[in-house]
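Trainee: Chains as they are written, first to last, in this note's numbering: chain A, 1 to 419; chain B, 420 to 838; chain C, 839 to 1257; chain D, 1258 to 1676.
Number of protein chains: 4
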Amino acid sequence: MLSLIKITAQAVYLKRTLFNDPIYGFIAIETDLILQLINHRFFQRLRRISQMGLSSLVYPGAHHTRFEHALGAMHVMQKAIEVLTQKGIAISAEENEAMQIAILLHDIGHGPFSHASEKILLKGKTHEELSLRIIQNLNEEFKGALGLAIQIFTNSYPRKFMHQLVSSQIDVDRLDYLKRDSFYTGVTEGNINTQRILNTMHVEEENLVFESKGIHSLEKFLLARRLMYWQVYLHKTSLAAELLLVKVLERFWELVNSGEEVLSPTHSFYPLIHRSSDESLSDSVLLHYLTLEDSNILHLLKQWLGHADFVLRSLSKQILFRQLPKIKIQSEPFDTKILAHKGERLQDRSISQKEIAYFVFSGSISNQTYSPDHTQILLKNKSGKPTPLAETIDYLDFNTFSKPLYRYYLCYPKRHFSL
Amino acid sequence: MLSLIKITAQAVYLKRTLFNDPIYGFIAIETDLILQLINHRFFQRLRRISQMGLSSLVYPGAHHTRFEHALGAMHVMQKAIEVLTQKGIAISAEENEAMQIAILLHDIGHGPFSHASEKILLKGKTHEELSLRIIQNLNEEFKGALGLAIQIFTNSYPRKFMHQLVSSQIDVDRLDYLKRDSFYTGVTEGNINTQRILNTMHVEEENLVFESKGIHSLEKFLLARRLMYWQVYLHKTSLAAELLLVKVLERFWELVNSGEEVLSPTHSFYPLIHRSSDESLSDSVLLHYLTLEDSNILHLLKQWLGHADFVLRSLSKQILFRQLPKIKIQSEPFDTKILAHKGERLQDRSISQKEIAYFVFSGSISNQTYSPDHTQILLKNKSGKPTPLAETIDYLDFNTFSKPLYRYYLCYPKRHFSL
Amino acid sequence: MLSLIKITAQAVYLKRTLFNDPIYGFIAIETDLILQLINHRFFQRLRRISQMGLSSLVYPGAHHTRFEHALGAMHVMQKAIEVLTQKGIAISAEENEAMQIAILLHDIGHGPFSHASEKILLKGKTHEELSLRIIQNLNEEFKGALGLAIQIFTNSYPRKFMHQLVSSQIDVDRLDYLKRDSFYTGVTEGNINTQRILNTMHVEEENLVFESKGIHSLEKFLLARRLMYWQVYLHKTSLAAELLLVKVLERFWELVNSGEEVLSPTHSFYPLIHRSSDESLSDSVLLHYLTLEDSNILHLLKQWLGHADFVLRSLSKQILFRQLPKIKIQSEPFDTKILAHKGERLQDRSISQKEIAYFVFSGSISNQTYSPDHTQILLKNKSGKPTPLAETIDYLDFNTFSKPLYRYYLCYPKRHFSL
Amino acid sequence: MLSLIKITAQAVYLKRTLFNDPIYGFIAIETDLILQLINHRFFQRLRRISQMGLSSLVYPGAHHTRFEHALGAMHVMQKAIEVLTQKGIAISAEENEAMQIAILLHDIGHGPFSHASEKILLKGKTHEELSLRIIQNLNEEFKGALGLAIQIFTNSYPRKFMHQLVSSQIDVDRLDYLKRDSFYTGVTEGNINTQRILNTMHVEEENLVFESKGIHSLEKFLLARRLMYWQVYLHKTSLAAELLLVKVLERFWELVNSGEEVLSPTHSFYPLIHRSSDESLSDSVLLHYLTLEDSNILHLLKQWLGHADFVLRSLSKQILFRQLPKIKIQSEPFDTKILAHKGERLQDRSISQKEIAYFVFSGSISNQTYSPDHTQILLKNKSGKPTPLAETIDYLDFNTFSKPLYRYYLCYPKRHFSL
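Right, here's the structure in full:
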């Protein structure tokens, strides 16, 4: 009669560390190693790196950080493991811990303002590559204790679903950040029913699959993600702000490289700008990179408010006092004539063509809601054979839906722009 | 300098009636006439009519009623009027009140368990027709005070947007019920951002239009609606329960018509079953209909638990004790052989073919997320000319999306079914 | 290193039944026996018994039922067990199931509209006594499987904390109903942080204690409870409605006992009114009681709208059409002169003194927020020795706070009252 | 018949600016002047000043800023004005705007990390004094347009309720920050029902009063505030962090004053440390103060990680890497012997007595939930005469409740503390 009681204390809890979280209530830390990783200064640094870059200029509540997101994603992983375990999927204690570590550290490579600085600070390195490097460093420090987590993170562990939970079309990373970003921005349309999606997870032939009864929640997930992209992540005003940040950093690089600006070796960018030109990234530069946080950028912007170079000065002011440029978005590239025309107004003020390019510029952004080739979302049907989601939903035009959507932007100063 | 202060008391508030609402906090009653309509017994009756029929058998929290929904929709109408007024659309006090009344009474024709009894109790009359009849009766009682509300309700008032707010692809009815049903069922994916949608409403050439910046919220709205249909409104278990309710009422009608059951004139169904066969609906039958509530049906089902007719008895038991039949759903009609096969098991128990049809039956349901022809959702573009939504969203296959989706169901008793 | 991994599947989950709940998301059913109890018709009946009686006349969203509350309280019990287990308190699988059953069935004795009918239907029996009787009946049906649950329910099991979780100053019953009633009424002040309170639970010498760091949540809990009492449970308008319900039932009893009304043996009240006068309650009367639901009362009220007795008729109308009497509340008993004075107006209409008492009446209600004697809330201090809460909180005047608060009410018809 | 329609567009809305807010959904900007003030760099600066100082070290979600709080409080003011206007209180357009400005700017004087730096940066000036100075400066810049707002802010306007809404026991400031801080910390017990409290507001003889039916919400408000104080604002861990911040700044001041550290005139603290010693605060120092934000402090702490002075170095590390000291709280002052004893461990490491005081220190904090003398909360009774809340609530021991509660703390390094 009595068959399904689930919970037993396998080990005595020496001390139960809980983090407060406005979304999940409490987040439990389940092993000592995880607690040590969270307390590590590399991870504590994430407390001071905004999850959403400069989006708080549009969504004033969006000041949350990579620290909270990493903890939240780990919490969702715990819940996913709980569901799968209850469905009879064997997950050992070692695997359990490694899955949690892999997701906890997946974003540890992010720099100041997350994506906003990624293209500049260590040009040529994505935050994923940096994360892996840092995890490997931590693995040495913790004497190999992160080996399994690294296998899962790099998808070299044979049980594919563990990696798929960390990184795939529907992973615990996205399950947390969509919910979290929706919460802090107030864009409630992006809220997803994590619990319902988790409840339909299963594993078949070591692949993550979803029970077909959850199909509407999956649809909703895809649409929520799409909506968050266009309405929040690529919101034209915060896009403008992030583009300015890229521009101001580029200008600074330019000034240094041209010798107009001489960096003191104690300047926070010195090791990044003066690193040896070969591809490899030295440990010492990486360690320096790990000291950079939002406040370093803010501090520079504030200093630059009084800088001799009017480009640096003006761009900094635009960001700090939210005097953002005009930005237009369209689905076709902008005609170069328009670009030239918008630049003309500045020429009157005797600004060189090269400098104009810091104030009038165009480019493109894209978003791909669903990627049909790699790591398809698989549905578990009664018949048994997992079916790709794209073959199941008829009303979505997956050809269109799966195509990356490009948008083209044009930025230029407002009419009464003062330098 | 001072230009935009919005609120002034146009009239002294003698008394401010507020309704508590778990979704909006408080709902204000803005005119005396509205308060009198709410206090009318026709409207009070809605307190005892479930909004979602028998869905509480699947979603135990879904016990909310037509009363709350009607008040909620009126509240959303108030907010829509507020937004439009602030955008410079002139709405007179009379129109304002009439718009509120039209939506307040739009569902007053619903019978017990809302849609579940609609097909049976006054066969041939939809709840919309009944609502109009009742509003007209009330108009007489209130000496013509509802004339403008009737014009809006029947779309004969020239300012089309007023009707469109009451009834169209995105109206305040849907804005309330999606949110409300999502709240009470816990299916959070159906939650929509009413405020954001309202904020993008505008009026152009007396038609309701939506500013194009709201496009993602509109997409989300359509998908939320679709999701609520398949996951909640047409959930197979509550569909089974509602089909049983139809069956049990049909059986009762049959017994009465065949003379096997003799109704006392005091029986709550007497005036409905014995009404004159012509098309028109007499006021006296209508008034009787207006005494019927969920409890009348429940009371009969409970009585029928002890009824001599085993069909009536068994179906009542299945509903009341939630011993629901199996139900299968597929996108193709069921083969008549399967139907026959499922019926065979009952034949062993010497049940006639006609009676078997109460336990084994099939049929179809459909849902059309977006209707391309009538009352298109219109987007207001910068260029000015309103564009239909279908021409703007590229990733949705509107041909498929706009087609009614049919699903076919087959109901039959569980294996250990006891009559 | 690896020490704290918590979750293992002790047994294969044959099938995982989940209930949707708007508050907790999903509620899991953990054993077969529990599932069978939920499916039992005694328990299914709770789907049709309002948790909050007639409160929906004041808080229109408050249509939730005893069914949801019982499941919700069981869910909170599961969480409490989880916390205690993680803190090293050994709870066997049998105890775990029994604790869940005890709380699941704790309210199974409630009659129509919960407390509203309690004083009338089986006079002299509280719902707790009836619950126990029904659990004992179920125990026989399930061949003794509920023995341990009964011990816990009746506080005869030596591990006191198990009973204390079911019934004490802070039990899972209250943790669920405060949260649930707050949710459905929209009185957000009654919302409590269940998770935070659960997290501070511990067991010392088999008694339930709370870690002292949770003291503010406990204070908040006491105040939330107090607020819900005065603002919701004893709201004067819903009090008036419930008093009317008592009055109308009393009137009916009176008419039957005086022979003015003759009951058919099929009348739903027949077995209750004509039961033998001795104290004991026969099984057959109990079984009949278990067929009564809200709809039985509603059905009678609706019938009585056309009853010859004007008292029955008028009171029914007042409830059904929400034409409620005036009610005054004060902290001193009402002077009998006022009562007489209010009655005089009715005398003009030639109503007898005895009948007047159905329309003009007074009485008292009380609420005791904190009971200092029995089952004190105990705080676990670092020193070890549990301390009663009352000795720890200095700013609350526990002498006053612990005293039952009495309020006196006076009901009388509105001025333009028509019989 | 038609009497209560409330909303009319008094003026054409040229452009409707809305801010996204995760708590209220949208916040509307109602006049041009308000929009200009929000866009002013003094106000934009609040985007980078944490509302809750270093509390995010305990509540990781608490990264919200003074910017959001100021907008939120203005929104609550709009709602309060709406309620009062509907109750017939005449509020002119000028008063309306001035009330909004007064609350919008009430916290504009806050420095980095809000209260944490208040005691150090401009010693002797509270943030309220600074706010007034800044508002006066803005008034000059806006040519006297803020005159009425200043009267309200300084309580020199005869209509007292306007100031009381800005600053009293229950003002819109508290209504916003309790709700907001509860939201971001996840301490849901601090959530209050703003709408319910607003709905009971009224004005009598130009004083703010509360209708007596709202008494339970007021009780709840007081308790929520008390709970937030002890559980959140004075949480011992974030208290420890803020005390460290004070200590590290004090140390820096000391080093500069003793000449051990020489400040460059471009150092962000130079004008603050080297300002003339007289009481008055020059405009130039004030303007410099207005350039300081959280990032300035963070930048210094990060620099100090490599500072020659081990005190500066160690304290900075403790904050940035969250290696916080032990902190004990009790209701009696700590014995100086304990302080001496805790210091001894450090003496072994040859640290001077003066330096030890940066690592081992004690002090007191206090909180007064309800202040009985000034600006009593007044209840409006039916009799008419406003009654102080303290005379109405019997169960709260107002003598205790109104007394400031003192707590004494003792901070000292953890056992394995490394400098």
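Where a beta carbon is used, it is the ideal one built from N, C-alpha and C, also for glycine.
Using a Cβ cut-off of 7 Å, pull out every chain D residue sitting near I1055/C, in sequence order please.
Mentor: Looking at the sequence itself, residue 1055/C is Ser, so the reference to Ile does not match. The contacting residues are E1446.
Trainee: List the residues of chain B that Y897/C touches, going by C-beta distances under 7 Å, in chain order.
Mentor: What Y897/C touches in chain B: N439.
Trainee: Just tell me which of L798/B, I510/B, Y576/B and R826/B has its CA closest to the CA of I746/B.
Mentor: Nearest option by C-alpha distance: R826/B.
Trainee: Check the Cβ of G53/A against every Cβ in chain D and list those closer than 7 Å, keeping chain order.
Mentor: Residues of chain D passing the Cβ test: none, with the nearest at roughly 14 Å.
Trainee: Pair every Cβ in the region 67-78 of chain A with every Cβ in the region 96-105 of chain A, then say whether three or more of these pairs are closer than 8 Å.
Mentor: Contact holds: three or more Cβ-Cβ distances are below 8 Å.
Trainee: Using a Cβ-Cβ cutoff of less than 6 Å, which residues in the same chain neighbour V1149/C once the five nearest sequence positions on both sides are dropped?
Mentor: The answer, listed in chain order, is R1089, E1193 and Y1196.
Trainee: Apart from the five residues on each side of it in sequence, which residues of its chain come closer than 8 Å, Cβ to Cβ, to L743/B?
Mentor: Excluding sequence neighbours, L743/B sits near L476, T656, A659, A660, L663 and Q737.
Trainee: For H341/A, which option in Q353/A, S331/A and E332/A has the closest C-alpha, if you only look at C-alpha atoms?
Mentor: Ranking Q353/A, S331/A and E332/A by Cα distance to H341/A puts Q353/A first.
Trainee: If you reduce the DSSP assignment to three classes, tell me which class D1540/D lands in.
Mentor: Of the three classes helix, strand and coil, the one that applies to D1540/D here is helix, per DSSP.
Trainee: Determine the chain D residues that contact F445/B at a beta-carbon separation under 9 Å, and present them in chain order.
Mentor: Q1452, R1453 and N1456, listed in chain order.
Trainee: Output needed in chain order: residues of the region 1058-1071 of chain C with a Cβ under 8 Å from some Cβ in chain D.
Mentor: Answer in chain order: K1058, L1061, A1062, R1064, L1065, W1068 and Q1069.
Trainee: Under three-state DSSP, which class holds V477/B?
Mentor: Looking at V477/B - three-state DSSP - the assignment turns out to be coil, as it is neither helix nor strand.
Trainee: Can you confirm whether the region 1428-1444 of chain D touches the region 13-32 of chain A when touching is taken to mean that 3 or more C-beta pairs between the two stretches lie within less than 8 Å?
Mentor: Contact holds: three or more Cβ-Cβ distances are below 8 Å.
Trainee: Could you give the first and the last residue of the continuous beta strand (DSSP E) run that contains Y412/A?
Mentor: Unbroken beta strand (DSSP E) run through Y412/A: L405 to Y412.
Trainee: Less than 8 Å between the CB of N439/B and some heavy atom of the ligand NAD, yes or no?
Mentor: For the structure depicted, the ligand NAD is absent and the ligand set is empty, with no information on it obtainable.
Trainee: Quick check on L324/A: does DSSP put it in helix, strand or coil?
Mentor: If DSSP states are grouped into helix, strand and coil, L324/A belongs with coil.
Trainee: Determine which residues share a DSSP beta bridge with F1283/D and list them.
Mentor: Paired residues: N1277/D.
Trainee: How would you label H1556/D, buried or exposed, when you count the other beta carbons within 10 angstroms and need 16 or more for buried?
Mentor: By the neighbour-count rule (16 or more Cβ atoms within 10 Å), H1556/D is buried.
Trainee: Short of 7 Å in beta carbon distance, which residues of its chain neighbour M1258/D, apart from the five on each side in sequence? Order them along the chain.
Mentor: With a pLDDT of only 36 at M1258/D, under 50, the local geometry of the prediction cannot be trusted, and no value is derived from it.
Trainee: Give the single residue among W304/A, L227/A, L305/A and L33/A whose Cα lies nearest to the Cα of G144/A.
Mentor: Of the candidates W304/A, L227/A, L305/A and L33/A, the one whose C-alpha sits nearest the C-alpha of G144/A is L33/A.
Trainee: Does the contact criterion of 3 or more C-beta pairs under 8 Å hold for the region 454-470 of chain B versus the region 1037-1045 of chain C?
Mentor: No: the two stretches stay apart, fewer than three of their Cβ pairs being nearer than 8 Å.
Trainee: Can you round the beta-carbon distance between T1129/C and K721/B to whole angstroms, since I take them to be within the 8 Å contact cut?
Mentor: Right, the Cβ-Cβ distance comes to about 7 Å (below 8 Å), so this counts as a contact.
Trainee: Here's the rule: buried if 16 or more other CB atoms are within 10 angstroms of the residue's CB, otherwise exposed. What is D1605/D?
Mentor: D1605/D should be labelled exposed.
Trainee: Can you tell me whether M890/C is helix, strand or coil according to DSSP?
Mentor: Reduced to three states, the DSSP call for M890/C is coil.
Trainee: Is the Cβ-Cβ distance between R225/A and R174/A less than 9 Å?
Mentor: It is a contact, given that the beta carbons lie within the stated cut-off.
Trainee: Mind checking the region 82-114 of chain A against chain C and listing, in chain order, the residues whose C-beta falls within less than 7 Å of any C-beta there?
Mentor: Against chain C - using a Cβ distance shorter than 7 Å - the residues of the region 82-114 of chain A are E82, T85, Q86, K87, G88, A93, E94, N96 and E97.
Trainee: Does H1564/D pass the burial test, meaning 16 or more other C-beta atoms within 10 Å, or should it be called exposed?
Mentor: By the 10 Å Cβ count, H1564/D comes out buried.
Trainee: Since I believe S550/B is in contact with M526/B (beta carbons under 8 Å), could you give me their beta-carbon distance rounded to a whole number of angstroms?
Mentor: Residue 526/B is actually Asp in this sequence, not Met. About 6 Å separates the two Cβ atoms, so the contact holds.
Trainee: Does the Cβ of K220/A have 16 or more other Cβ atoms within 10 Å, making it buried, or fewer, making it exposed?
Mentor: Under this definition K220/A is a buried residue.
Trainee: Under a Cβ-count criterion, where at least 16 other Cβ atoms within 10 Å of its own Cβ denotes burial, should E1287/D be classed as buried or exposed?
Mentor: Buried is the call here.
Trainee: Measuring only between beta-carbons, confirm whether R251/A sits less than 9 Å from chain C.
Mentor: So, not an interface residue.
Trainee: Kindly indicate which residue of R1113/C, I1215/C and K1223/C has the alpha-carbon position closest to the one of G962/C.
Mentor: The residue with the shortest Cα to Cα distance from G962/C is R1113/C.
Trainee: Under 7 Å Cβ-Cβ, which residues of chain D neighbour R435/B?
Mentor: Those within 7 Å of R435/B in chain D are Q1343.
Trainee: Could you give the distance in angstroms between the alpha-carbon of E514/B and the alpha-carbon of Y233/A?
Mentor: Roughly 41 Å between the two C-alpha positions.
Trainee: DSSP state of I91/A, grouped into three classes?
Mentor: Reduced to three states, the DSSP call for I91/A is coil.
Trainee: If you draw a straight line from the alpha carbon of G762/B to that of H953/C, how long is it in whole angstroms?
Mentor: For G762/B and H953/C, the distance between alpha carbons rounds to 46 Å.
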